[in-house]
Amino acid sequence: MRQTLKVKIDDTNEYMIDISDSSFEELNKEIYEYTRTQKRLVVMSKKVYKLYSQDLNFSDEEIFILPDGEREKNYKNYLKIMHRAFELGLTRQDVIIAVGGGVVGDIAGFAASTYMRGIDFIQIPTTLLAAVDSSVGGKTAIDLDFSKNIIGTFYQPKKVFININFLKTLDNKQFMSGLGEVLKYAFIEENCGYDSQFFLFEYLTLCCDKLLNKEPLTLIRVIEYCLNLKASVVSKDEKEAGLRKILNLGHTLGHALETVTKYNKFTHGQAVVYGIFFVLEWAYKHEYITYSYYKLSQELLTKYGFSPLKMTFNPDKLIEVMKKDKKSDSENITLIVPCNKKCVKEIKLTPIDMEYALKP
Ligand code: GLY
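Here it is as structure tokens:
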């Protein structure tokens, strides 16, 4: 099965996303067709290299292996990638390909956007998280020690190949992390401006078992729908001046939790789901949403095995990080909160209000 969708940024910038369960042989052919006139630098995660380098037709010479983990998304690795591109003799006509999860996609995309002021970039996400979120929409970045994605660009890929066969070897923790981002879309569906007869919130409620069992058709359908929502948002607001901020539902607290735990306690999706539980609670307490929607929402998250965070963290530390978030201004913390069924809005909280909200 194959689904193809388009992300249209403007009249001169659009690209296609393929989502399929085709064989690796087929994928190799497609990549070859797409890049046959180009020199390639392939940035691949170490885990993916071990599992799939035999299945993928890239020569060892063109592969740069990136060790796994968020902490590898740093300027030292960025510079190594740039050196490698230069050694391979890549020019403006050539391409950088990311094969891996969000970390690989972000750093390779940042390298592609800055090498010779920008060369072609192809995303081949191998995790659910990267497939439904980071491989699409053009956010590229590297981190500084205490600030995630603080150096980066908006730079759209030329093409995204999503092959769900990669997800077969994804461990449960990483799969659940991707589901965290999938669930996020259920709460923002109405804001996205994507006209469809498909209803994610209800579908996720009904098809939980199939999705948890990685049933291929269900996976493809869910990935396709999430990306249609994302494409709709990004085409209206590529640079996150307004609407795109809704994609950060759950991320204000989520990023803060990841940062204070130095990225080694929670996966990204798990941290985002803690953030979603938190804003649901906040929205219900402040009468932004009804009790029945609050309950349905909590039930959806718990059906997938998630539960609210037990607050054992120092709120001051979390607030310190939230104040430095790119979306906050110098005084206030920006929070995306549910304001209706499947609908969210942006609010600003003072650090004191946030401290109060974080109290158990
Ligand atoms: N991951 C959020 C965005 O792409 O805007």
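According to the numbering used here, the sequence shown is numbered sequentially starting from 1. For glycine and all other residues, C-beta sits at the position ideal for the given N, C-alpha and C.
- DSSP places Ser53 outside both helix and strand once states are collapsed to three, so it counts as coil.
- Closer than 7 Å to some heavy atom of ligand 1: that describes the Cβ of Ser134.
- In the displayed model, Gln123 falls within a strand according to three-state DSSP.
- In this structure, Gly101 sits near Pro125, with a CB-CB distance shorter than 8 Å.
- Membership of Pro216 in the alpha helix (DSSP H) is indicated by the continuous run 216-236.
- For a cut-off of 8 Å, the C-beta gap from Leu229 to Tyr293 is around 19 Å, too long to register as a contact.
- In the three-state reduction of the DSSP assignment, Ser134 falls in the helix class.
- Inside the stretch 235-310, DSSP marks whole alpha helix (DSSP H) runs of 4 or more residues at positions 251-260, 268-285, 291-303, from first to last along the chain.
- At the C-beta level, Leu56 and Leu88 stay beyond 8 Å of one another.
- Here the alpha carbon of Ile97 sits roughly 44 Å from the alpha carbon of Asp353.
- Of all alpha-carbon atoms in Tyr34, Thr267, Thr261, the one lying nearest the alpha-carbon of Asn314 is that of Thr261.
- Assignment of Thr205 by DSSP, reduced to helix, strand and coil, places it in the helix class.
- Just measuring C-alpha positions, the residue of Tyr263, Lys345, Lys323 sitting nearest Asp68 is Tyr263.
- Distance from the CA of Asn165 to the CA of Val132, rounded to the nearest whole angstrom, comes to 15 Å.
- Take Val272, set aside five residues on each side of it, and the residues of its chain with a beta-carbon closer than 7 Å to its own are Gly180, Glu181, Lys184, Gly250, His251, Gly254, in chain order.
- When secondary structure is reduced to three states using DSSP, Lys323 falls in the helix class.
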